[in-house]
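Numbering (our numbering), first residue to last: 21 to 637.
We put the CB at the ideal spot given by N, CA and C, even for glycine.
The structure appears below as structure tokens.
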Amino acid sequence: MRYLGSKVKLLNTIEDIIEKYDIDGETFGDLFAGTSCVGDYFKDRYKIQANDFLYFSYVISKAKLNNSRIPSFSNFTKEYKRNIFDWLNSLEFTADSNYFIYNNYTPIGERMFFTEDNGKKIDGIRIKIEELYREQIISENEYFFLLASLIESTTRFSNTSGTYEAFFKFWDPRATKDFVLEPLEMNEQELFAKNDVYNEETNSLVRRIEGDIAYIDPPYTVTQYVSAYHMLDTIAKYDSPEIKGVGGKRGRGNKNSLYAQRTKALQAFEDLFRQINYKHILVSYSNQGLVSIDELVELAKIFAKDGKVYIESTDYREYQNHRSSNKRNGKSLNEVVIYFQKDMSLNKSPLNYSGSKDTLLPAIIKELPPSVNTFVDVMGGAFNVGANIIATDCVVYNELNPFIYEIIEWLLKTDKAEIIEAIEEGIAKYKLEKGEKEPFDKLRRDYNEVDNSPLNLYLLHMYSFQNMIRFNGKHKFNTPIGVAGYSEDIKQRILNFKVKAKNLKMMNDDYTSINWSEFPSDTVFYFDPPYFITSAAYNDGKRGMKGWSADEEVELLNILSHIDSLGYKFMLSNVMHHKDRTNHLLQKWAEEHKYRVIDIGTSGWRYAKNEVLIVNY
């Protein structure tokens, strides 16, 4: 089948790269499937997840990936005593007003995509396939196989150069031949597993699915496939759309690919790399693409495990960057496969702090906008959110509470081995054990009267009641002993705790004093305030810290509205309903401004609450 960017010639290269880098797994995502030649090639070795936002591609993928061989059409054969392809090809059709191809894409419709006889044949067979399926003479798998066969056969008799944006003004010899429906060409091999086929926008789909290996083959140029292959979509859907222009094109709807738009392609890749939940990523791309290969590689490094990205040309020549010649051995380099292993880790903060969002992180990340240049964790707390956000430039940690700020600064900026050594020496010094009150009380006295270092506060927090960090009005730590303590889990969290963005800025400011307009235009501000309709020790205003009442709630909402007016994006974590209470202030504000309210799950095991994320985009 003639198709732009078909990867038939690249199949062995993809296979060799998988072997070269010892890429393992059982699930293979062919996320821009096109004619599904890649998924079809690998369907005996992996469970295939194929996706394309064009419906005709969905039809072809269903046919190739749900069949290990050409279907038997047993019910049809039993009833008609003939091969179904021979029968369909033998039929004579009389065109009427329902024959959409005949009436619009042949000389009858003043277009020369097909001869009149071939247009009539395509319509007649398409209608007959639908009738057979509706009458349950053919199964769903057989239906999609026949439909895919019709689509592929149609391309052999089209009076075009291969796409359907225009037709020849003369009759190409191939177009004048009598139309013949032939079985879809596919690999006949046993399926490794039941495959999944989707007809969605890839960047949306990857927020819901996951797997081991993802193969990404997006559009490279400004060619919009929805326009180039409108005819095949129309035959597949057979929905008699409104058409216009010399090419008789159907409306594009929302099917314009961002990857084929010069100003949006790089942003689309950023969003895809951030949201994709596959361990191994292979990207086919060309040095003629809208995004340069160098740009794409640099972006991939941000999301790759240990920043490692590998580039293979299709014939295994070394890729030369923009400072080098694009020629080697006298050949121009046209296409490469970029491979990296995605950093899938989510590093939980070593600080157990009330309201932490570690369990809700995946849901929060899914709702990020396509491009995040700078991410500001405005009320950072334990820094579970900001530390795990991959911003292309910078993440900002801001925390008003100076005690919490100092602990996070200490955990991030001190050598990990030094932190572990200091903690273990402190535990030995005070003879700290779970539930042992006397050693804990001695440490607490020393912290309040002698050494209020982040180390001592962190030690207290580990052994205190529910890991609570609570002070009296004079900023003296007053949480009693609990039943927790130092553990291997905490040790590993300390060792793993780092900021994923390449740059970090730390602030210890009251958020109300921040100058929002100083941040870059692609900044996302994330707010995780005390929840007005819940209760916690850190927001009651009785512990020497600023409390959180209706006044503070209104002040926050006004600032968020101001940030919105400046053109920035914000994300607000909160609770709309809890037990028998509703945050009417929040509810009315979100409704008035038409902000999106997203349910993101339940947090807290002792006092569970249903959390929402409110965003202005």
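Local conformation of residue i per DSSP, three classes
| i | result |
| --- | --- |
| residue 346 | With a pLDDT of 43 at residue 346, under the threshold of 50, the modelled position of this residue cannot be trusted, and the question is left open. |
| residue 597 | strand |
| residue 526 | strand |
| residue 272 | coil |
| residue 281 | coil |
| residue 302 | strand |
| residue 512 | helix |
| residue 558 | Its pLDDT being 49, under 50, residue 558 is placed unreliably by the model, and the measurement read from it follows with that caveat. Reduced to three states, the DSSP call for residue 558 is helix. |
| residue 12 | Not covered by the structure: residue 12. The range shown for the chain is 21 to 637. |
| residue 59 | helix |
| residue 234 | strand |
| residue 319 | helix |
| residue 245 | helix |
| residue 631 | strand |
| residue 620 | strand |
| residue 334 | coil |
| residue 460 | helix |
Beta-carbon proximity list for residue i, same chain, < 6 Å, skipping 5 on both sides
| i | result |
| --- | --- |
| residue 221 | 73 |
| residue 121 | 139, 142 and 143 |
| residue 451 | 459 |
| residue 628 | 622 |
| residue 580 | 590 |
| residue 630 | 622 |
Residue burial classification, residue i (beta-carbon count within 10 angstroms, cutoff 16)
| i | result |
| --- | --- |
| residue 596 | buried |
| residue 530 | exposed |
| residue 499 | buried |
| residue 10 | Since the first and last residues shown for the chain are 21 and 637, residue 10 lies out of range. |
| residue 397 | buried |
| residue 111 | exposed |
| residue 479 | buried |
| residue 448 | exposed |
| residue 376 | buried |
| residue 706 | For residue 706 there is no data in the structure shown, the boundaries of the chain being 21 and 637. |
| residue 285 | buried |
| residue 594 | buried |
| residue 262 | exposed |
| residue 49 | buried |
| residue 437 | exposed |
| residue 106 | exposed |
| residue 191 | exposed |
Nearest-angstrom beta carbon gap, residue j and residue i [assumed within contact, 8 Å]
| i | j | result |
| --- | --- | --- |
| residue 236 | residue 310 | With 8 Å as the limit, residue 236 and residue 310 do not qualify as a contact, their Cβ atoms being about 15 Å apart. |
| residue 394 | residue 411 | 6 Å |
| residue 308 | residue 241 | 7 Å |
| residue 249 | residue 183 | 7 Å |
| residue 577 | residue 537 | 19 Å between Cβ atoms; not a contact. |
| residue 404 | residue 369 | 5 Å |
| residue 79 | residue 229 | In fact, because the Cβ distance is near 20 Å, the residues do not count as touching under 8 Å. |
Pair within 8 Å by beta-carbon distance, residue i and residue j
| i | j | result |
| --- | --- | --- |
| residue 96 | residue 30 | no |
| residue 491 | residue 367 | no |
| residue 239 | residue 245 | yes |
| residue 146 | residue 296 | no |
| residue 211 | residue 56 | no |
| residue 169 | residue 202 | yes |
| residue 67 | residue 276 | no |
| residue 42 | residue 209 | no |
| residue 634 | residue 383 | no |
| residue 287 | residue 159 | no |
| residue 125 | residue 268 | yes |
| residue 399 | residue 547 | yes |
| residue 439 | residue 371 | no |
| residue 23 | residue 257 | no |
| residue 37 | residue 445 | no |
Close Cβ partners of residue i (< 8 Å) along its chain, the five nearest in sequence each way excluded
| i | result |
| --- | --- |
| residue 570 | 552 and 605 |
Cβ shell of residue i (< 7 Å), same chain only, five flanking positions each side left out
| i | result |
| --- | --- |
| residue 408 | 366, 367, 381 and 520 |
| residue 321 | 327 and 329 |
| residue 299 | 45, 232, 361, 362 and 364 |
| residue 504 | 454, 482, 483 and 487 |
| residue 429 | 526 |
| residue 467 | 476, 477, 480 and 497 |
| residue 53 | 59, 70, 71, 72, 77 and 81 |
| residue 324 | 360, 361, 362 and 363 |
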